[in-house]
Amino acid sequence: MKTLRLILGDQLNSKHSWYREVNPEVHYLMAEMRQETDYVRHHIQKVVGFFTSMRNFAKSLKELGHQVHYLKITDDDNPHELDKIIKRLIDQHYIEKFEYQLPDEYRLDRQLREICKSLNISTVSVDTEHFYTSREELGEFFRGKKQLLMESFYRMMRKKHNIMMVGTEPEGGKWNFDQSNRKKWSGSPEIPRELSFDKDVSSLLSEIEQAQIDTFGSIDAKKYAWPTNRNECLELLDFFCMVLLPHFGDYQDAFHTDERFLFHSRLSFAMNTKMLSPSEVIDTVLEHYYNNTEEIDISQVEGFIRQILGWREYMRGLYWKEMPEYAQLNKLENKNPLPEFFWTGNTKMNCLKHSITQSLEEAYAHHIQRLMIIGNFALLTQTDPDEVDAWYLGVYIDAIEWVEITNTRGMSQFADGGIIATKPYVSSANYINKMGNYCKECSYKASKKTGDDACPFNALYWNFLEEKRKHFENNRRMSMMMNLLDKKNPEELNALRQRAQEIIANPDKF
Ligand SMILES: Cc1cc2nc3c(=O)[nH]c(=O)nc-3n(C[C@H](O)[C@H](O)[C@H](O)COP(=O)(O)OP(=O)(O)OC[C@H]3O[C@@H](n4cnc5c(N)ncnc54)[C@H](O)[C@@H]3O)c2cc1C
Ligand code: SF4
Numbered sequence: 051m052k053t054l055r056l057i058l059g060d061q062l063n064s065k066h067s068w069y070r071e072v073n074p075e076v077h078y079l080m081a082e083m084r085q086e087t088d089y090v091r092h093h094i095q096k097v098v099g100f101f102t103s104m105r106n107f108a109k110s111l112k113e114l115g116h117q118v119h120y121l122k123i124t125d126d127d128n129p130h131e132l133d134k135i136i137k138r139l140i141d142q143h144y145i146e147k148f149e150y151q152l153p154d155e156y157r158l159d160r161q162l163r164e165i166c167k168s169l170n171i172s173t174v175s176v177d178t179e180h181f182y183t184s185r186e187e188l189g190e191f192f193r194g195k196k197q198l199l200m201e202s203f204y205r206m207m208r209k210k211h212n213i214m215m216v217g218t219e220p221e222g223g224k225w226n227f228d229q230s231n232r233k234k235w236s237g238s239p240e241i242p243r244e245l246s247f248d249k250d251v252s253s254l255l256s257e258i259e260q261a262q263i264d265t266f267g268s269i270d271a272k273k274y275a276w277p278t279n280r281n282e283c284l285e286l287l288d289f290f291c292m293v294l295l296p297h298f299g300d301y302q303d304a305f306h307t308d309e310r311f312l313f314h315s316r317l318s319f320a321m322n323t324k325m326l327s328p329s330e331v332i333d334t335v336l337e338h339y340y341n342n343t344e345e346i347d348i349s350q351v352e353g354f355i356r357q358i359l360g361w362r363e364y365m366r367g368l369y370w371k372e373m374p375e376y377a378q379l380n381k382l383e384n385k386n387p388l389p390e391f392f393w394t395g396n397t398k399m400n401c402l403k404h405s406i407t408q409s410l411e412e413a414y415a416h417h418i419q420r421l422m423i424i425g426n427f428a429l430l431t432q433t434d435p436d437e438v439d440a441w442y443l444g445v446y447i448d449a450i451e452w453v454e455i456t457n458t459r460g461m462s463q464f465a466d467g468g469i470i471a472t473k474p475y476v477s478s479a480n481y482i483n484k485m486g487n488y489c490k491e492c493s494y495k496a497s498k499k500t501g502d503d504a505c506p507f508n509a510l511y512w513n514f515l516e517e518k519r520k521h522f523e524n525n526r527r528m529s530m531m532m533n534l535l536d537k538k539n540p541e542e543l544n545a546l547r548q549r550a551q552e553i554i555a556n557p558d559k560f
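Just add 50 to the spot in the sequence shown (first one is 1) and you have this note's numbering.
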């Protein structure tokens, strides 16, 4: 039967059962489309990363003998809309059946369902064969439960997939080594230079410019860093195991002015495009660990496995459980606009200057920069979660809505009222000062709460607790902070509030 199979830009799974045999009756379709470049303003490195990886994937399928129809962004006959592209190919090639892999984004899922309804041939959707869990598994696991704790989901996953288990007990006698994973990095151990693929992407960049796609951020087109084919992804995974894994857990929560990546793997783009599967990442890391147990402590490995087997699958499950309502949630009723410096990095606040400039230059920031610097400031200044989401969805190379919105709107902005995080991830300068060296070189003083040179995070923090008090009154995890707030004398509180209001009214001045 003549079949058309759609491959989306984040479905570059070369191990998918679709490709097990070459069948001349099967046509594959891949397309660079305006509908995908324009639904949010993306970082230029993100557009380049997706298009290059898609082109490489199409090429490798063709080399295996598969029939691939590939539409480039500048092709004159590219309609740029999925339904038009699909319908045209069906007519042109007398297609009798349409197949697609289940998309990971709600937007595309809905669109494909609509397209299928409008086709007068049979249609089939299949799994992407990428995740450990199905879309529904998390919902089923938590059915009837009030709290959707990541920790219980993670333990279930460890047991179910027999990962780091000794019988029914966790290897090393503990499920969680988080307590030992909170070191500040102060120059040692030495961090080797990141693995960068330094490719020349100038000609694709010209095509993107010619198509007049509105992007932001910078790119060195002669030295494009990100992996864009499977071999490069495997190389990056190997580099992580050999070089970074021995210290991953220790410095997971650290930041430093001289080190943009620390011991982070930078594997999220490779995984989110499905060039690498989470199970092969975990299996490779575990194999490396078991072969090197004398050099690598279990805490480093567990910290990493937790991120992928726990957080990544948990966020995906929550996305499908809570969408589409989730995308509208704004439980803290935050309405302020995003500061202009999010687009330029132009601020005197050193932590934000470093984290945002790095995001604009690399299309990457590590988790703690995203959560405890940038997200923390956006939440403390009570920024509209729609604007925060749009920024995060655009700026990071790995940003796809299922994992971006759950992390941003949920974990970072507490806009879901506590579905994901049991308390908001906010902090004053104390935490930032403890975990890195940003404060040392800052125009502001981390220890001061009021006055022109006081760190803005301090006043914002107490003001946030005070203004959002009604939302936290019944939250036991917030009770200590709320008690401290209640102990502040009215004069001090007033001064903090006044300074916070000045910052919120004009964050770009600070
Ligand atoms: C506000 C905010 C927005 C985020 N947006 C995204 C996003 O758009 N896309 C994205 O992939 N991740 C996102 N994250 C999660 C996390 O920050 C990134 O996955 C991580 O920084 C990617 O870098 P890495 O590959 O070096 O990760 P590492 O630190 O090396 O971690 C290894 C892997 O674990 C997984 N992982 C770690 N933390 C999370 C998490 N919280 N949720 C899901 N997976 C996780 C990732 O696949 C990552 O590659 C966001 C976090 C925050 C706080
Ligand atoms: S003093 Fe405040 S603004 Fe400056 S780096 Fe530290 S936390 Fe950031």
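Just so it is clear, CB atoms sit at the ideal spot from N, CA and C, and this is done for glycine as well.
Check	Outcome
For the putative contact between isoleucine 553 and alanine 504, defined by C-beta atoms under 8 Å, what is the C-beta separation to the nearest angstrom?	Their Cβ separation, rounded to whole angstroms, is 10 Å, which puts isoleucine 553 and alanine 504 out of contact at 8 Å.
Could you tell me which residues DSSP pairs with leucine 121 in its beta bridges?	Ala81
For the pair the segment 306-316 and the segment 406-423, tell me if three or more CB-CB distances fall below 8 Å.	yes
Express the C-alpha separation of serine 529 and glutamate 179 in angstroms, rounding to a whole number.	44 Å
Could you give the distance in angstroms between the alpha-carbon of phenylalanine 567 and the alpha-carbon of isoleucine 165?	The structure shown does not extend to residue 567, since the chain is modelled only from 51 to 560, so the question has no answer here.
Taking only three categories from DSSP, how would you classify tyrosine 182?	coil
Give the range of the beta strand (DSSP E) segment to which serine 172 is assigned.	172-176
Tell me whether proline 435 sits in a helix, a strand or coil according to DSSP, three-state version.	helix
Note down the Cα distance separating aspartate 154 from proline 220, rounded to an integer number of angstroms.	31 Å
For valine 72 versus leucine 114, is the C-beta distance shorter than 8 Å?	yes
Just the Cα atoms here: how many angstroms apart are isoleucine 145 and serine 172?	10 Å
Quick check on the burial criterion: 16 or more other C-beta atoms within 10 angstroms. Buried or exposed for leucine 534?	exposed
Could you tell me if tyrosine 150 is buried or exposed, where buried requires 16 or more neighbouring beta carbons within 10 angstroms of its beta carbon?	buried
So the alpha helix (DSSP H) phenylalanine 507 belongs to, where does it begin and stop?	506-517
Would you kindly work out how many angstroms separate the C-alpha atoms of tyrosine 340 and arginine 84, rounded to a whole number?	46 Å
Is it buried or exposed, threonine 53, if we count other Cβ atoms within 10 angstroms and call 16 or more buried?	buried
Do you know how far the Cα of asparagine 524 is from the Cα of alanine 545?	27 Å
For lysine 249, list the residues DSSP reports as bridge partners.	Tyr274
With DSSP run on the structure shown, which of helix, strand or coil describes glutamine 151?	strand
Is it the case that the segment 246-264 contacts the segment 272-280, given that we only count it when at least three CB pairs across the two stretches are under 8 Å?	yes
Measuring from each Cβ to the nearest heavy atom of ligand 2, keep the ones under 5 Å and list them in chain order.	Met399, Asn400, Cys401, Ala479, Ile482, Tyr488, Cys489, Cys492, Tyr494, Ala496, Cys505 and Phe507
How is threonine 87 classed by DSSP in three states: helix, strand or coil?	helix
Say the cut is 7 Å; is the CB of glutamine 357 nearer than that to a heavy atom of ligand 1?	yes
Can you look up phenylalanine 100 in the DSSP assignment and give me helix, strand or coil?	helix
Determine the DSSP secondary structure at asparagine 386, reduced to helix, strand or coil.	strand
Going by the CB atoms, is the gap between isoleucine 470 and glycine 460 shorter than 8 Å?	yes
For leucine 543 and lysine 518, I'd like the C-alpha separation in whole angstroms.	14 Å
Once the 5 residues before and after glutamate 86 are set aside, which same chain residues still bring their CB inside 7 Å of it?	Gly59
Just to confirm before moving on: does the CB-CB distance between leucine 430 and phenylalanine 464 stay below 8 Å?	no
Pull up the CB-CB distance for glutamate 309 and isoleucine 241, whole angstroms please, since I reckon it's below 8 Å.	5 Å
Distance, Cα to Cα, threonine 500 vs asparagine 396?	22 Å
Can you find a heavy atom of ligand 1 that lies under 7 Å from the Cβ of arginine 420?	yes
Looking only at C-alpha atoms, which of Asp558, Met531 and Trp512 sits nearest to glutamine 548?	Trp512
At which residues does the beta strand (DSSP E) containing arginine 362 begin and terminate?	Careful: arginine 362 lies outside any beta strand (DSSP E) and carries neither H nor E.
Within its chain, find whatever has a CB closer than 7 Å to the CB of threonine 472; leave out the 5 residues flanking it on each side and keep chain order.	Arg527
Can you tell me whether tryptophan 512 sits near ligand 1, meaning its C-beta is under 7 Å from at least one heavy atom of the ligand?	no
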